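**Q** Quick one: this structure, given as structure tokens, is what I'll be asking you about.
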Amino acid sequence: MTIDIPNVRTSWPHEINAITLGATPAEGGTRTSTVTVGGGTTLPFCQFEGSIPNRPVVAIEVWDIPPQTWPDTVYNPFADVADDPAAWAKKAVEAFGADMICLRLKGCDPTHGNRSPEQAATTARQVADAVGVPLIIWGCGNDEKDNALFPVVSEALSGENCLLGTITEDNYQSLTTVAAAYGHKLIAESPVDINIAKQVNILALDAGFPEEQLVIFPSSGALGYGLEYVYSIMERLRIAGLKGDRAVAMPILCDIGTDVWSTREANAPVSGWGDAKIRGPLWEASTAQAYLLAGADMLVMRHPDAVRLTQKTIARLMGGNTR
Amino acid sequence: MILIGERINAGFKDIANAIRMKDPAPVKRWAIAQTEAGAAYLDVNIGAASRDPQDMAWLVRTIQNTVSTRLSIDSTNVEVIEAGLDAIDERGVLINSTTADAGKLDQLIPLAVKHNAMLLGLAMDDRGSPQDVDRRVENGATVFMAAVEAGIPPDRIILDPILMPIKFMQEQVPHVLETIEQFTHLSDPSPHISVGVSNVGTKAAEKGRIIRTFLVMAMAKGLDTVICNVCDDELIAAVATAELMLNREIYTDSYIRAFLMRQAV
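Written out as structure tokens, the structure is:
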């Protein structure tokens, strides 16, 4: 007896925007490589029914000040470069295979050292000169300070086609203007809220920023800390985008490291939980891989082992070599 | 929601004059205005202003020189429809309309197949306009079956239950709403369902409110296509709001803007 396997292929009327980051000398920048994400015509890794032209990418996080709050497990791989962002970035790319570098300007936070916009710009330029991959530049999170530093940092990286973030529902006008002026792209952030995710995008569009140059950051929750809420928001965003809702048809970014490395499960030396040096990176990799299935196009991560595991998963899900 | 702009119709004096004088200006103006307002299709109808199929071809060419919006070739005369289809370029097109009348179906279904056109079928036949739900459903099913048998997929077929003015045929309006729901059960996926929504307000003092309210109620029953005045901001806002209520659009404070962006796809 034969049983017909039902044809479950779905076709979607629209596709997710593709976005390219980084610019080579021919394109007005100094990058040696660029990265393109998005452009899919179906849900993540459903290559049997549509096209996934670009694989998700991993950016390794670099701070402008030594990250004293990081647990030893994730600090140690970078201990020799933690006070030199350029060397840190170089190590992340050359030793740990980062597709991109995410420079977080944490030291500009008024409560974390209050570095000046000019210092931030110098650091950003040094990082850019140390590596050839495209850059994400993430502000310190203090709106007032970010609005002061991004004009200076953006100018220092003019032409490099970076991804800057973040804009929010309450703070988008300054950064959209600056990013448009210096040819950078933007991360639109929302607090685990699909309605606000859409609203921030519309506010940016209404401010004249092109929809093809936005990436959605719907917030990330670590495994065990709200991952499923973010997961379902990402699924809904992706499905709506594929159905033609242009206000949400953008690639999605997840900030994995920040959330994972603040959890007890990733860090705490609890007997019976196994070696934290293994557990932490696995927690980060597990969180990242769940978000890949939900539709993440860009993952900002920290631990080299977690990055390697995640890149291997991406290669396998894309149907490539598993190494 | 598929919005079909109704305005390039010789029932309107400026369009009738434009056809008579071969003046492209009013046609171009409405082509642009309706496209900017979110029309997915522009209805094109030479009405009673002309019996010359070449006037339809002229309208089609004039619009094509102005916008890239898809067209709905609207006539009760098969020769006029054919002239419109022959004049059209590579863009998408909709035949508006056939009836359940066998003579009509035999001519228009092959034209829809030949031109890869969507086909709009009115739920009427040679006995005239239907007066109840059963006749409407029977006629709609006749058009649907004939089109599917000819290889036209359900999502390329649009059924119209025939909306009548509430001022003159009030009892027919609930029949139309009921028919819409029954049309959704014809197949899975269901055919598209459309009305010429302005009809419901004909000669009524509160025309705008009547049209808006009917349209929202019809959407709740399954209407997903409408021939309407797309330049009526209040009407479009009502459609956008109804899409939210039906959970077809993710809520945002700027949902009307988001709806218009989607229409522009």
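Top line first, the protein sequences correspond to chains X and V.
With numbering that gives the first Met the number 0 as the guide, the letters of the first sequence map in order to residues 0 to 322.
With numbering that gives the first Met the number 0 as the guide, the letters of the second sequence map in order to residues 0 to 264.
Backbone N, C-alpha and C fix where the C-beta goes; we use that ideal spot for every residue, glycine too.
Everything numeric in this text was worked out from a predicted model, so none of it was measured.
1. For the stretch 241 to 258 of chain V, enumerate the residues whose C-beta is nearer than 8 Å to any C-beta of chain X, in chain order.
2. Please decide whether X/K197 counts as near chain V, where near means a Cβ-Cβ distance under 8 Å.
3. Check the Cβ-Cβ distances between V/R261 and every residue of chain X, and say whether any is below 8 Å.
4. Out of X/I251, X/V73, X/F47, state which residue places its alpha-carbon closest to the alpha-carbon of X/W282.
5. May I ask you to report which of helix, strand or coil DSSP gives X/A239?
6. Measuring alpha carbon to alpha carbon, tell me which of X/A120, X/K90, X/D192 ends up nearest X/D79.
7. Over what stretch of residues does the alpha helix (DSSP H) that includes V/A99 continue unbroken?
8. Under 7 Å Cβ to Cβ from V/H114, same chain only, skipping five residues before and after it: list those, please.
9. Just grab the DSSP bridge partners of X/E60 for me.
10. Mind listing which residues of the stretch 241 to 269 of chain X have their C-beta closer than 7 Å to chain V's C-betas, in chain order?
11. Heavy atom of the ligand FMN less than 7 Å from the Cβ of V/S49, yes or no?
12. Please classify V/R50: is it buried, with 16 or more other beta-carbons within 10 angstroms of its beta-carbon, or exposed?
13. Return no unless some Cβ of chain V is closer than 8 Å to the Cβ of X/N194.
14. Listed from N- to C-terminal order along the chain, which residues in the stretch 214 to 237 of chain X have their beta-carbon within a distance smaller than 9 Å of any beta-carbon of chain V?
15. So, with DSSP's three-state summary, where would you put V/V229?
16. Within 8 Å of any Cβ in chain V, is that where the Cβ of X/I201 sits?
17. Give me the Cα-Cα distance between X/K144 and X/W62, rounded to the nearest whole angstrom.
18. Do V/V215 and V/H174 have their beta-carbon atoms positioned less than 8 Å apart in this structure?
19. Thinking just about the alpha-carbon of each residue, which of X/L148, X/D98, X/A58, X/K184 is nearest to the one in X/C107?
20. Can you tell me the Cα-Cα spacing of V/K206 and X/L42, whole angstroms?
21. Could you name the residues of the same chain whose beta carbon sits closer than 7 Å to that of V/A217, not counting the 5 residues immediately before and after it, in chain order?
22. Note down, one range per segment and in chain order, each beta strand (DSSP E) of at least 3 residues found wholly within the stretch 170 to 228 of chain V.
23. Is it true that the CB of V/D125 sits closer than 8 Å to the CB of V/N138?
24. Could you round the C-beta distance between X/S218 and X/V191 to whole angstroms and report it? I think they count as a contact, below 8 Å.
25. Residues of chain V with CB under 7 Å from X/A239, in chain order?
26. Run through DSSP, which three-state label would X/E117 get?
27. Give me, in chain order, the residues of the same chain whose beta-carbon lies closer than 8 Å to that of X/Q198; leave out the 5 immediate sequence neighbours on both sides.
28. Counting Cβ pairs closer than 8 Å, one from the stretch 272 to 286 of chain X and one from the stretch 298 to 315 of chain X, do we hit at least three?
29. If we ignore side chains and look at the alpha-carbon of each, how far apart do V/T251 and V/M0 end up?
30. With 16 as the cutoff for other CB atoms within 10 Å, does V/D105 come out buried or exposed?
31. With distance defined between alpha-carbon atoms, name the residue in V/L121, V/D232, V/V77, V/N246 nearest to V/L259.
32. Between V/A146 and V/L118, is the Cβ-Cβ spacing less than 8 Å?
33. Taking three-plus beta-carbon pairs below 8 Å as touching, is the stretch 116 to 134 of chain X in contact with the stretch 82 to 98 of chain X?
34. Looking only at its own chain, which residues have a Cβ that is under 8 Å from the Cβ of X/V34, when we skip the five neighbours before and after it?
35. Do X/E60 and X/C101 have their beta-carbon atoms positioned less than 8 Å apart in this structure?
36. When you compare only the Cα positions, how much space is there between V/Y40 and V/Q63?
**A** According to the data block:
1. The residues in question are E248, I249, Y250, T251, D252, S253, R256, A257.
2. In the first sequence, the residue the question calls residue 197 of chain X occupies position 198. Yes, X/K197 lies at the interface with chain V (some Cβ there is under 8 Å from its Cβ).
3. For this step, residue 261 of chain V is matched to residue 262 along the second sequence. For V/R261, the closest Cβ of chain X is nearer than 8 Å.
4. In the first sequence, residue 282 of chain X corresponds to position 283, counting from 1. Nearest option by C-alpha distance: X/V73.
5. In the first sequence, the residue the question calls residue 239 of chain X occupies position 240. The answer is helix: DSSP assigns X/A239 an H, G or I state.
6. Along the first sequence, one-based indexing puts residue 79 of chain X at 80. The alpha carbon of X/D79 has as its nearest neighbour, out of X/A120, X/K90, X/D192, the alpha carbon of X/K90.
7. In the second sequence, counting from the first residue as 1, residue 99 of chain V sits at position 100. Premise fails: V/A99 is in no alpha helix (DSSP H) and is neither H nor E.
8. On the second sequence, residue 114 of chain V is found 115 positions in, with the first residue counted as 1. Here the set comprises L84, V92.
9. Working through the first sequence from its first residue, we reach residue 60 of chain X at position 61. Partner(s): X/C101.
10. Those would be G243, D244, R245, A246, V247, in chain order.
11. With respect to small molecules bound, the structure shown includes none, and the ligand FMN cannot be examined in it.
12. Your numbering for residue 50 of chain V matches position 51 in the second sequence. So V/R50 counts as exposed.
13. Residue mapping note: residue 194 of chain X aligns to position 195 of the first sequence, counting from 1. Interface residue, yes.
14. Answer in chain order: R235, L236.
15. To locate residue 229 of chain V, count along the second sequence from 1; it is residue 230. Three-state result, V/V229: coil.
16. Position 202 of the first sequence, counted from the start, is the residue given in the question as residue 201 of chain X. Yes - at least one Cβ of chain V is within 8 Å of the one on X/I201.
17. Stepping through the first sequence from its first residue, residue 144 of chain X is reached at position 145. Stepping through the first sequence from its first residue, residue 62 of chain X is reached at position 63. Roughly 16 Å separates the two Cα atoms.
18. In the second sequence, counting from the first residue as 1, residue 174 of chain V sits at position 175. In the second sequence, counting from the first residue as 1, residue 215 of chain V sits at position 216. Not closer than 8 Å, so no.
19. Working through the first sequence from its first residue, we reach residue 107 of chain X at position 108. Ranking X/L148, X/D98, X/A58, X/K184 by Cα distance to X/C107 puts X/L148 first.
20. To locate residue 206 of chain V, count along the second sequence from 1; it is residue 207. To locate residue 42 of chain X, count along the first sequence from 1; it is residue 43. Cα to Cα, V/K206 sits roughly 44 Å from X/L42.
21. Residue mapping note: residue 217 of chain V aligns to position 218 of the second sequence, counting from 1. Answer for V/A217: L176, I179, V194, listed in chain order.
22. Listed in chain order, they are 191 to 195, 224 to 227.
23. Counting from one through the second sequence, the residue named residue 138 of chain V turns up at place 139. Counting from one through the second sequence, the residue named residue 125 of chain V turns up at place 126. Not in contact: V/N138 and V/D125 (Cβ atoms no closer than 8 Å).
24. On the first sequence, position 219 is the one that residue 218 of chain X refers to. On the first sequence, position 192 is the one that residue 191 of chain X refers to. Indeed, because the Cβ distance is near 5 Å, the residues count as touching under 8 Å.
25. By one-based count along the first sequence, residue 239 of chain X stands at place 240. Result: I249.
26. To locate residue 117 of chain X, count along the first sequence from 1; it is residue 118. Reduced to three states, the DSSP call for X/E117 is helix.
27. Counted from its first residue, the first sequence places residue 198 of chain X at position 199. Taken in chain order, the residues that qualify are E168, S189.
28. Yes, the stretch 272 to 286 of chain X is in contact with the stretch 298 to 315 of chain X.
29. Along the second sequence, one-based indexing puts residue 251 of chain V at 252. Along the second sequence, one-based indexing puts residue 0 of chain V at 1. One C-alpha to the other measures close to 18 Å.
30. Within the second sequence, residue 105 of chain V is the residue found at index 106, counting from 1. With fewer than 16 other Cβ atoms from the protein chains shown falling within 10 Å of its own Cβ, V/D105 counts as exposed.
31. Indexing the second sequence from 1 puts residue 259 of chain V at position 260. The residue from V/L121, V/D232, V/V77, V/N246 with its alpha-carbon nearest to that of V/L259 is V/D232.
32. Translated into positions along the second sequence, residue 146 of chain V becomes position 147. Translated into positions along the second sequence, residue 118 of chain V becomes position 119. Contact flag set, yes.
33. Touching, yes, given that three or more Cβ pairs across the two stretches are closer than 8 Å.
34. Counted from its first residue, the first sequence places residue 34 of chain X at position 35. Closer than 8 Å at the Cβ level, and outside the excluded window around X/V34, lie T19, L20, G21, V56, D98, M99, V132, P133.
35. Reading the first sequence from its first residue, position 102 is the one you call residue 101 of chain X. Reading the first sequence from its first residue, position 61 is the one you call residue 60 of chain X. Their beta carbons are under 8 Å apart, which means X/C101 touches X/E60 by this criterion.
36. To locate residue 40 of chain V, count along the second sequence from 1; it is residue 41. To locate residue 63 of chain V, count along the second sequence from 1; it is residue 64. Annotation: V/Y40 to V/Q63 spans about 12 Å, alpha carbon to alpha carbon.
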